[in-house]
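Undergrad: The numbers in our numbering rise by one with no breaks, and the one at position 143 of the sequence shown is 143. Cβ coordinates follow ideal geometry from the N, Cα and C atoms, glycine included. Just so you know, these numbers come straight off a predicted model, no measurement behind them. Would you mind keeping the following structure in view while I ask a few things?
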Amino acid sequence: MRVPLHILNEWRPAQTRKTGYLPIEGIMPRLTETDYSTRIQPGTIIAFSDRRAYEIIEVKERPLDLWPQHFLNEWERYTTQWVEQVVAGHNLGPQPEKATWEHRPVVIVIRPADQPTGKVKHFAVRASRSFYVLPEHYSVCRLCNEIPPCNHATTEARVEHEMDKAEKLMSIPAGACLDCGEPITSRMKAIRFPGPNLWRPDLGDNSAVFHARQDCSGGVHVYRLQWEKKGHDELQPTLPTGDPGDDA
Ligand SMILES: [Zn+2]
Ligand SMILES: [Zn+2]
Numbered sequence: 001m002r003v004p005l006h007i008l009n010e011w012r013p014a015q016t017r018k019t020g021y022l023p024i025e026g027i028m029p030r031l032t033e034t035d036y037s038t039r040i041q042p043g044t045i046i047a048f049s050d051r052r053a054y055e056i057i058e059v060k061e062r063p064l065d066l067w068p069q070h071f072l073n074e075w076e077r078y079t080t081q082w083v084e085q086v087v088a089g090h091n092l093g094p095q096p097e098k099a100t101w102e103h104r105p106v107v108i109v110i111r112p113a114d115q116p117t118g119k120v121k122h123f124a125v126r127a128s129r130s131f132y133v134l135p136e137h138y139s140v141c142r143l144c145n146e147i148p149p150c151n152h153a154t155t156e157a158r159v160e161h162e163m164d165k166a167e168k169l170m171s172i173p174a175g176a177c178l179d180c181g182e183p184i185t186s187r188m189k190a191i192r193f194p195g196p197n198l199w200r201p202d203l204g205d206n207s208a209v210f211h212a213r214q215d216c217s218g219g220v221h222v223y224r225l226q227w228e229k230k231g232h233d234e235l236q237p238t239l240p241t242g243d244p245g246d247d248a
C-alpha cells in the first residue's frame with residue numbers, strides 16, 4: 001500500500017476511524033453519534049500518536065490546584081489576550097472561567113488495548129482535544145504491532161519520496177532551473193550560485209541556477225542555506241534582484 005504524502009507530516013490511522021470527543025461538560029454539548037464522530041467513554045479504543053491503541057478506562061476533571069504548569073501558562077496567556085481584545089473594543093461575550101475553560105486539563109486514564117491486565121497510565125490533555133477512535137476490530141501491522149501506517153511504512157514512503165525527488169533532480173538538463181527543471185531563457189531573470197554545484201556536482205562549477213520567480217523560490221531558499229553552510233558566505237549569488245529574503 002502506498003502511503004499518501006500528507007501522512008508523512010501528520011500521522012493518522014489508515015483504517016476506518018471516528019473523531020472522538022471527551023465526555024466533558026462544555027465540550028460538544030449536542031454531539032450526536034455519526035459515522036464520523038463519537039463521544040469517548042470507558043471502553044472506547046483510541047489511537048495515540050505513538051501509533052498504538054489504548055482503551056479508555058476513565059475520563060475525569062483535574063482539580064484547579066493540580067493543573068500542570070504549562071496549562072497554567074496557557075490560561076494566563078489566554079486571559080491576557082482576552083482582556084486585550086475586550087479593551088480593544090471586541091465583544092467576546094462573558095469572560096471565560098478557569099473551571100469551565102474549554103482548554104482546561106482533564107485526565108484520561110488509559111491502558112494498552114491489547115493488554116487488558118496491563119498497567120494504566122494517566123495523561124492530562126486539553127478538554128477540547130479530539131482523538132482518533134478505532135473500531136473494536138481494529139487492525140495492526142503484523143510486524144511491529146503498530147496501527148497502520150506503521151513507522152516502517154512511513155519511513156519507506158519517505159525514502160521513496162526522496163528517491164523520486166533525486167530522480168527528478170538528476171534528469172534536469174544543464175542550464176535549466178534546479179527547482180522546476182524548466183529551461184531559463186536569456187530574457188528570464190535568474191539567480192546563479194557561484195562555486196561547486198551542490199545538487200548536481202556533475203554539471204561543474206558555477207552551474208547552479210534558478211529562475212528568479214516566486215514559483216522557484218523554494219528551491220533557491222533551500223539551496224542558499226546549504227550554499228551558505230558550505231562557507232560561500234563571502235560570495236554573493238549574481239542577480240538577486242529585490243529578493244526580499246536577502247538582507248545581506
Ligand atoms: Zn510495521
Ligand atoms: Zn524554475
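Does any heavy atom of ligand 2 sit closer than 7 Å to the C-beta of Phe210?
TA: yes
Undergrad: Which residues in the same chain as Asp252 place their Cβ atom closer than 8 Å to its Cβ, once the five residues preceding and following it in sequence are excluded?
TA: This structure gives no information on residue 252, because the portion of the chain shown stretches from 1 to 248.
Undergrad: Less than 7 Å between the CB of Asp31 and some heavy atom of ligand 1, yes or no?
TA: Note on residue identity: the sequence assigns Leu, not Asp, to residue 31. No, Cβ of Leu31 sits at least 7 Å from all heavy atoms of ligand 1.
Undergrad: Kindly indicate the opening and closing residues of the beta strand (DSSP E) around Arg111.
TA: 105-112
Undergrad: Say the cut is 7 Å; is the CB of Glu76 nearer than that to a heavy atom of ligand 1?
TA: no
Undergrad: What separation, rounded to the nearest whole angstrom, lies between the Cα atoms of Pro183 and Ala176?
TA: 4 Å
Undergrad: Say the cut is 7 Å; is the CB of Cys216 nearer than that to a heavy atom of ligand 2?
TA: yes
Undergrad: Does the distance from the CB of Ala124 to the CB of Val109 come in under 8 Å?
TA: no
Undergrad: Going along the chain, which unbroken runs of the beta strand (DSSP E) with 3 or more residues stay wholly within the stretch 167-217?
TA: 190-193, 208-211
Undergrad: Does DSSP classify Leu134 as helix, strand or coil?
TA: Strand, per DSSP.
Undergrad: For Tyr36, which residues in the same chain have their Cβ closer than 7 Å to its Cβ, ignoring the five residues on either side in sequence?
TA: If we look at Tyr36 and ignore the five residues flanking it on each side, its Cβ neighbours are Lys18, Thr19.
Undergrad: Going residue by residue through the stretch 17-94, where are the continuous beta strand (DSSP E) segments of at least 3 residues, counting only ones entirely within it?
TA: 18-21, 37-39, 45-47, 53-61
Undergrad: Buried or exposed for Pro13, going by 16 or more other Cβ atoms inside 10 Å?
TA: buried
Undergrad: Is Ala14 helix, strand or coil by DSSP?
TA: coil
Undergrad: My guess is that Tyr250 and Ser130 are in contact by the Cβ rule of under 8 Å, so how many angstroms apart are they, rounded?
TA: Nothing in the structure corresponds to residue 250, since the chain is present only between 1 and 248.
Undergrad: Say yes only if the C-beta of Asp179 is nearer than 7 Å to one or more non-hydrogen atoms of ligand 2, and no if none qualify.
TA: Answer for Asp179: yes, Cβ within range of ligand 2.
Undergrad: Could you work out which residue in Phe210, Pro173, Leu203 is closest to Ala190 when comparing CA atoms only?
TA: Ranked by how close their Cα comes to the Cα of Ala190, the residues Phe210, Pro173, Leu203 have Phe210 in first place.
Undergrad: Would you tell me roughly how many angstroms separate the C-alpha atoms of Pro173 and Cys144, rounded to the nearest one?
TA: 43 Å
Undergrad: In the structure shown, what three-state DSSP assignment does Val140 receive?
TA: coil
Undergrad: In the structure shown, what three-state DSSP assignment does Arg129 receive?
TA: coil
Undergrad: With DSSP run on the structure shown, which of helix, strand or coil describes Lys121?
TA: Note: Lys121 maps to strand in three-state DSSP.
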